[in-house]
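S.K.: Sequence lines, in order, name chains H and G.
Quick note: the first sequence, position 52, residue 52 per the numbering used here, numbers continuous.
Quick note: the second sequence, position 13, residue 1013 per the numbering used here, numbers continuous.
First the structure, which I've put down as C-alpha cells, then a few questions once you've had a look.
2 protein chains.
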Amino acid sequence: MINIADVARHAGVSTATVSRALSGGHHVSPATRLRVEASAAQLGYVVSSNASSLASGRMKNIGVVVPFLNHWFFASVVEGAQQALQRHGYDLTLYNLTGGLEARRSVFEHFLLRQRVDAVIAVSLELSENEVARLHALDKPLVGVGGPLAGVRTLTVDDLAVARLATEHLIALGHTRIAHIGGDKAFDLDFNLPTNRRFGYEAALAAAGIVARRDDFRPADFTTAGGYQAAKQLLGRPHERPTAIFAASDEMAIGSILAARDLGLVVPGDVSVIGVDDHELADFFGLSTVAQFPQQQGEKAVEVLMQELRPHPESRTGLNINMPFELIVRGSTARPMV
Amino acid sequence: MINIADVARHAGVSTATVSRALSGGHHVSPATRLRVEASAAQLGYVVSSNASSLASGRMKNIGVVVPFLNHWFFASVVEGAQQALQRHGYDLTLYNLTGGLEARRSVFEHFLLRQRVDAVIAVSLELSENEVARLHALDKPLVGVGGPLAGVRTLTVDDLAVARLATEHLIALGHTRIAHIGGDKAFDLDFNLPTNRRFGYEAALAAAGIVARRDDFRPADFTTAGGYQAAKQLLGRPHERPTAIFAASDEMAIGSILAARDLGLVVPGDVSVIGVDDHELADFFGLSTVAQFPQQQGEKAVEVLMQELRPHPESRTGLNINMPFELIVRGSTARPMV
DNA sequence: CTGAAAGCGCTAACAA
DNA sequence: TTGTTAGCGCTTTCAG
Chain H
1 MINIADVARH
11 AGVSTATVSR
21 ALSGGHHVSP
31 ATRLRVEASA
41 AQLGYVVSSN
51 ASSLASGRMK
61 NIGVVVPFLN
71 HWFFASVVEG
81 AQQALQRHGY
91 DLTLYNLTGG
101 LEARRSVFEH
111 FLLRQRVDAV
121 IAVSLELSEN
131 EVARLHALDK
141 PLVGVGGPLA
151 GVRTLTVDDL
161 AVARLATEHL
171 IALGHTRIAH
181 IGGDKAFDLD
191 FNLPTNRRFG
201 YEAALAAAGI
211 VARRDDFRPA
221 DFTTAGGYQA
231 AKQLLGRPHE
241 RPTAIFAASD
251 EMAIGSILAA
261 RDLGLVVPGD
271 VSVIGVDDHE
281 LADFFGLSTV
291 AQFPQQQGEK
301 AVEVLMQELR
311 PHPESRTGLN
321 INMPFELIVR
331 GSTARPMV
Chain G
1001 MINIADVARH
1011 AGVSTATVSR
1021 ALSGGHHVSP
1031 ATRLRVEASA
1041 AQLGYVVSSN
1051 ASSLASGRMK
1061 NIGVVVPFLN
1071 HWFFASVVEG
1081 AQQALQRHGY
1091 DLTLYNLTGG
1101 LEARRSVFEH
1111 FLLRQRVDAV
1121 IAVSLELSEN
1131 EVARLHALDK
1141 PLVGVGGPLA
1151 GVRTLTVDDL
1161 AVARLATEHL
1171 IALGHTRIAH
1181 IGGDKAFDLD
1191 FNLPTNRRFG
1201 YEAALAAAGI
1211 VARRDDFRPA
1221 DFTTAGGYQA
1231 AKQLLGRPHE
1241 RPTAIFAASD
1251 EMAIGSILAA
1261 RDLGLVVPGD
1271 VSVIGVDDHE
1281 LADFFGLSTV
1291 AQFPQQQGEK
1301 AVEVLMQELR
1311 PHPESRTGLN
1321 INMPFELIVR
1331 GSTARPMV
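This is how it looks when you write it as C-alpha cells:
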C-alpha cells in the first residue's frame, strides 16, 4: 500500500503539504497542488481513512438506522441518503433493528459509539430519551426522518395535511360516505402517523359538515393483505356501503381495490379508492394517491446533516422541517354514481 | 472521550493488558480480565475503531455493493447480511450503484479502496475483470451473491434447476401448453439468469416430450406491469391459448394473474400461474412459486467471508456455492380443465 | 506557502 | 501472564 510519504517524496514536498493539497487545497500554491495531485494519481494513492480519521477526528461516515430494510419506504430513504452521501464523499453505515431489542441495544451501546460515525440519521424510529441523550453526549448530530423526535431536527411530512388533502379530494368529487383504513395501535407506538392521518381525515369531513361514522374506520397493518381484509368488511356491509375509501398507505389501498373487485364492485364506479405514498405499484393499479418522496427525504436528511457538520452551522433551520407531498389523481377516484 | 489509558489506570494494569483483555482475552489471567472488563464497563469505555484498525489492519467492516436497494430481493439480501454481520461485531457499509456509471467508478476507485473494509460482498453484480482484479490486488476477499463471477466465490441458486422444477410442477399437473415469461436482453447483461431460467423451462418441456412453441415465450422486465402486459398477449390469443404460465419472477407472475382476471379467465381454472421468488405478496395472491431465500443468502455470504477472514481458512468450500430453493404450491396452479 | 514534529488511540512484538 | 515501546498513516499546530 502506498502512503502519504511516498507521494511526498515523489512530488518533492513534505507530507504536510501533501495532506493540505489533497484536502481542500487551502494554503497551498496552485503549482504545488497540481504537482501533488499528479503524483498521487500516478502512484494510485488513496488516503487511509483510518489514519485520517484518527488524526482529524472526522470519520466521513454516517450511520443510518432503520427499523427494517425490507420495505419500499425505508429502502427508498436509504437509497436517497446513500447517493447524497456519496456525492459528499461520505460512507453510509447501515444499522437495522430487525433483530429486536437485543439488536437495538447492541447498535446503540457498541456500534454507534465506536466512533465510527460523524452523525446519525434515524428513519421512522422512536428513539428513547436515553438513546438521544447518548448521541448528544457524544456531540453527534442526529436527524430524524419521519418520526417526531423530541429535541431532534426531524424531517416530516405533515400527515394531518396529507390525510386532509386525500379526503378533500374525495369530498370535492361529491362523496359523503367516505371510509378510512388506518393503522392499528401497534403502529402508533413507533410513530403516531396513523393517528395523525385519522385526524386529518376527520378534520376534512368535519369541515365539510360530514359526520364521521364510527364503523367507517377500520384499522389494519399497512400491508396489502390487511387492506384487503379491512376493505372487505367495509364494502361487504348490506347497508350504507361507503362510496369511497381513503387508505393510509398505497399497499392498503391496493388491497382495497382488489377486495372491491372480488366483491364484484367496480373501481371507481362503485367505490373510489385513494392511498398515500405513490408506491411503485400505484401507477400499475391506476391508484390515486398523495405522493411522498422518500428518496428525496433521504437526500434532504443528508443535506441537513452536512450543514450541521460544517464548522459554523449557518442558517440552521427550525427543528421541524416539512417535506413536500402531492396529490396524484389516477383512475381509482371519480364522482360517485347517483 | 475516555480511552484505553484511562481504563488501564483504573484497573491498575498496562494498556497492552487492557487491549488483550478486551479482545478475545487470550494470554490474560481470568482475574485481571474480569477486573479490566469491570473498569471498562464502569467508565463506559468503547474502543476507537480507527485507532484499533490503524494499528491492527483489521477494519471490522465489510462493504456491500448492490445495483439498487429499492427492490425486495436486494433489500432482503442486505438485511440478512446486516444481521449476520452485527452478530460478528462487524459493521456494514452500503454502496449502491443506482447513480450510474460515474457512481460505479467512484465506488470502486475511491470508496472501496479507502481501506475501510475488510472484504466486499457484491450482490447480483457483474463486476468487470478490472474491478475484481483491483479487489484481489488489495487482498480483499470478495464474495458474490447471485451472479456468476469469474474467479470469485459466489453463492448462486441453480436457476436452471429452479426453472425446471417450476415447469415440471405444471407438467406433472397435466399441462402441455405452457408459456414462459422471462427476462429481456437488458437483464441478461448483468446476470444471465433469464437465459438460464429459459433453458430450464425448455429442458423440462423437452424431457416431457413437449415441443416449446416459439410464441409461447415472451420477454418482460421483471415488474408486475411487464408481466401483466406479456400475459395479456399470451392469453388473448384466439387460438391455442396456453393453459399455464411460468413467470421468471413472482412480480411478473402476479401481473399474469391480474391479466388473466381482467380477461375474465379464472386462475387456476383457466390458467395456472407459477412464479419464482416467494415474494412478500405471493402468499396474498395465493401464488405457487419456487422460493429462494434472499435473506439467508445474505447471511451465508457473511459466513463465507468470516471463514475467509480467519487467519487460516480451513475447509474452503468450492468456488461455487449452491443455495437452496423450494417449490411452494399455493392456489394458482391446478390440473388443466379438459 | 511550506516543513518539522507532535500526537490521535490502539496493537503487537519483544522483554521481563 | 504482564509491561514497555515502537509503530500504524495521517493532520495540525507552530516555526520559518
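Just so it is clear, CB atoms sit at the ideal spot from N, CA and C, and this is done for glycine as well.
None of the values given here were measured: they were computed from a predicted structure.
For a contact defined as C-beta to C-beta under 9 Å, what are the partners of H:THR17 on chain G?
M.R.: Counting from one through the first sequence, the residue named residue 17 of chain H turns up at place 17. By Cβ distance, chain G contributes nothing, its closest Cβ being about 21 Å from H:THR17, past 9 Å.
S.K.: For G:THR1156, decide whether its Cβ has a neighbour in chain H, counting only Cβ atoms nearer than 8 Å.
M.R.: Here residue 1156 of chain G corresponds to residue number 156 of the second sequence, with the count starting at 1. No, no contact with chain H.
S.K.: So G:GLN1115 is in the alpha helix (DSSP H); what residue range does that whole segment cover?
M.R.: As a working note, residue 1115 of chain G is residue 115 in the second sequence. Per DSSP, G:GLN1115 belongs to no alpha helix (DSSP H) and is neither H nor E.
S.K.: In terms of alpha-carbon separation, which member of H:PRO194, H:ASP215, H:PHE284, H:LEU170 lies closest to G:THR1223?
M.R.: Counting from one through the second sequence, the residue named residue 1223 of chain G turns up at place 223. Among H:PRO194, H:ASP215, H:PHE284, H:LEU170, the Cα nearest to that of G:THR1223 is on H:PHE284.
S.K.: Whose C-beta lies closer than 7 Å to the C-beta of H:ASP184 among residues of the same chain, with five residues either side of it excluded?
M.R.: For the purposes of this step, residue 184 of chain H is identified with residue 184 of the first sequence, where counting begins at 1. Only PRO219, ALA220, ASP221 meet the Cβ criterion.
S.K.: Could you give the residue range of the alpha helix (DSSP H) that holds G:VAL1047?
M.R.: Your numbering for residue 1047 of chain G matches position 47 in the second sequence. Note, G:VAL1047: premise wrong, no alpha helix (DSSP H); not H, not E.
S.K.: For the region 280-311 of chain H, which residues have a beta carbon sitting closer than 7 Å to at least one beta carbon of chain G?
M.R.: Taking 7 Å as the Cβ-Cβ cut-off against chain G, the residues of the region 280-311 of chain H that qualify are LEU281, PHE284.
S.K.: For the region 105-116 of chain H, which residues have a CB atom closer than 9 Å to at least one CB atom of chain G, in sequence order?
M.R.: Listed by position along the chain: SER106, VAL107, GLU109, HIS110, PHE111, LEU113, ARG114, GLN115, ARG116.
S.K.: Classify H:THR154 as helix, strand or coil using the three-state DSSP reduction.
M.R.: In the first sequence, counting from the first residue as 1, residue 154 of chain H sits at position 154. DSSP places H:THR154 in strand when its eight states are reduced to three.
S.K.: Hey, would you say H:ALA161 sits closer than 8 Å to H:GLY200, going by beta carbons?
M.R.: Residue 161 of chain H sits at position 161 when you count from the first residue of the first sequence. Residue 200 of chain H sits at position 200 when you count from the first residue of the first sequence. The answer is yes: Cβ separation under 8 Å.
S.K.: Which ranges would you report for the beta strand (DSSP E) in the region 1142-1228 of chain G if only whole runs of at least 3 residues count?
M.R.: Runs found: 1142-1145, 1153-1157, 1178-1183, 1217-1220.
S.K.: Based on Cα-Cα distance, which residue from H:PHE73, H:LEU69, H:VAL77 lies nearest to G:PHE1074?
M.R.: Within the second sequence, residue 1074 of chain G is the residue found at index 74, counting from 1. Considering only alpha carbons, the answer is H:LEU69.
S.K.: Mind listing the chain G neighbours of H:SER49? Cutoff is C-beta to C-beta under 7 Å, in chain order.
M.R.: Translated into the one-based positions of the first sequence, residue 49 of chain H becomes position 49. Per Cβ cutoff of 7 Å: ARG1114, GLN1115, ARG1116.
S.K.: Would you kindly report the start and end of the unbroken beta strand (DSSP E) that includes H:MET1?
M.R.: Within the first sequence, the letter at position 1 stands for residue 1 of chain H. H:MET1 -> no beta strand (DSSP E), and no H or E assigned at all.
S.K.: With a threshold of 8 Å between beta-carbons, can G:GLU1129 be considered close to chain H, or not?
M.R.: As a first step, residue 1129 of chain G must be located in the second sequence, where it is residue number 129. Chain H contact via Cβ: absent.
S.K.: Bridge partners of G:GLN1292, per DSSP?
M.R.: For the purposes of this step, residue 1292 of chain G is identified with residue 292 of the second sequence, where counting begins at 1. DSSP lists G:PHE1325 as partners of G:GLN1292.
S.K.: Give me whichever residues DSSP pairs with H:ASP139 in a beta bridge.
M.R.: Residue 139 of chain H sits at position 139 when you count from the first residue of the first sequence. Note: H:ASP139 sits in no beta bridge, so no partner.
S.K.: Beta-carbon within less than 7 Å of G:GLY1226's beta-carbon, same chain only, minus the 5 sequence neighbours each way: which residues are those?
M.R.: The residue you call residue 1226 of chain G lines up with position 226 of the second sequence. For G:GLY1226, where only same-chain residues beyond five positions count, the Cβ hits under 7 Å are ALA1220, MET1252, GLY1255.
S.K.: What are the partner residues of H:TYR95, as DSSP defines its beta bridges?
M.R.: The count along the first sequence starts at 1 and reaches residue 95 of chain H at position 95. Paired residue(s): H:VAL65.
S.K.: For H:GLY236, which of H:HIS10, H:ARG213, H:SER249, H:VAL271 has the nearest alpha-carbon?
M.R.: In the first sequence, the residue the question calls residue 236 of chain H occupies position 236. Of the listed residues, the one whose Cα sits closest to H:GLY236 is H:VAL271.
S.K.: Tell me the DSSP bridge mates of G:GLY1275?
M.R.: By 1-based counting over the second sequence, the position of residue 1275 of chain G is 275. Paired residue(s): G:THR1289.
S.K.: Do you know how far the Cα of H:LEU309 is from the Cα of H:PRO141?
M.R.: Position 141 of the first sequence, counted from the start, is the residue given in the question as residue 141 of chain H. Position 309 of the first sequence, counted from the start, is the residue given in the question as residue 309 of chain H. One C-alpha to the other measures close to 7 Å.
S.K.: I'd like to confirm the pairing. Which residues does DSSP put opposite H:ILE245 in its beta bridges?
M.R.: Your numbering for residue 245 of chain H matches position 245 in the first sequence. Per DSSP, H:ALA179, H:VAL273.
S.K.: DSSP on G:VAL1123, reduced to helix/strand/coil?
M.R.: As a first step, residue 1123 of chain G must be located in the second sequence, where it is residue number 123. Note: G:VAL1123 maps to strand in three-state DSSP.
S.K.: For the pair the region 1086-1096 of chain G and the region 1056-1070 of chain G, tell me if three or more CB-CB distances fall below 8 Å.
M.R.: Yes, since at least three Cβ pairs between the region 1086-1096 of chain G and the region 1056-1070 of chain G fall closer than 8 Å, the two stretches touch.
S.K.: Identify the contact partners of G:GLN1086 in chain H, using a Cβ-Cβ distance below 9 Å as the criterion.
M.R.: Taking the second sequence and counting its residues from 1, the one referred to as residue 1086 of chain G is at position 86. Residues of chain H passing the Cβ test: TYR95, ASN96, GLY99, ALA103, SER106, VAL107, PHE111.
S.K.: Expressed to the nearest angstrom, what Euclidean distance is found between the alpha-carbon atoms of H:GLY24 and H:THR17?
M.R.: Numbered from 1 along the first sequence, position 24 holds the residue referred to as residue 24 of chain H. Numbered from 1 along the first sequence, position 17 holds the residue referred to as residue 17 of chain H. Straight-line Cα distance between these residues: approximately 12 Å.
S.K.: Using 8 Å as the cut-off, can you tell me whether the region 134-151 of chain H makes contact with the region 164-182 of chain H, which would need three or more C-beta pairs spanning the two stretches below that distance?
M.R.: The region 134-151 of chain H vs the region 164-182 of chain H: no contact.
S.K.: Out of curiosity, what's the CA-to-CA distance linking G:LEU1205 and H:ARG214?
M.R.: Stepping through the second sequence from its first residue, residue 1205 of chain G is reached at position 205. Stepping through the first sequence from its first residue, residue 214 of chain H is reached at position 214. Computed Cα separation, rounded: 56 Å.
S.K.: Is there a Cβ of chain H sitting closer than 8 Å to that of G:ASN1070, yes or no?
M.R.: Reading the second sequence from its first residue, position 70 is the one you call residue 1070 of chain G. Yes, because at least one Cβ of chain H sits closer than 8 Å to the Cβ of G:ASN1070.
S.K.: Run down chain H in chain order and give the residues with a C-beta less than 7 Å from the C-beta of G:LEU1054.
M.R.: As a working mapping, residue 1054 of chain G is identified with position 54 in the second sequence. Near G:LEU1054 (Cβ distances below 7 Å), the residues of chain H are ASN50, ALA51, LEU54.
S.K.: Check the Cβ of H:GLN42 against every Cβ in chain G and list those closer than 8 Å, keeping chain order.
M.R.: The residue you call residue 42 of chain H lines up with position 42 of the first sequence. Correct list: empty, because the minimum Cβ distance to chain G is about 14 Å.
S.K.: DSSP three-state label for G:VAL1130, please.
M.R.: As a position in the second sequence, residue 1130 of chain G is number 130, starting the count at 1. Here residue 1130 of chain G turns out to be Asn, not Val, going by the sequence shown. Here G:ASN1130 sits in helix by DSSP.
S.K.: Beta-carbon separation of H:LEU97 and H:ARG87 under 8 Å?
M.R.: As a position in the first sequence, residue 97 of chain H is number 97, starting the count at 1. As a position in the first sequence, residue 87 of chain H is number 87, starting the count at 1. Contact flag unset, no.
S.K.: Of all Cβ atoms in chain H, is any one closer than 8 Å to the Cβ of G:SER1380?
M.R.: Residue 1380 of chain G is absent from the model: chain G starts at 1001 and stops at 1338.
S.K.: Could you spell out the range, first to last residue, of the alpha helix (DSSP H) harbouring G:THR1015?
M.R.: The count along the second sequence starts at 1 and reaches residue 1015 of chain G at position 15. Element bounds for G:THR1015: 1015-1022.
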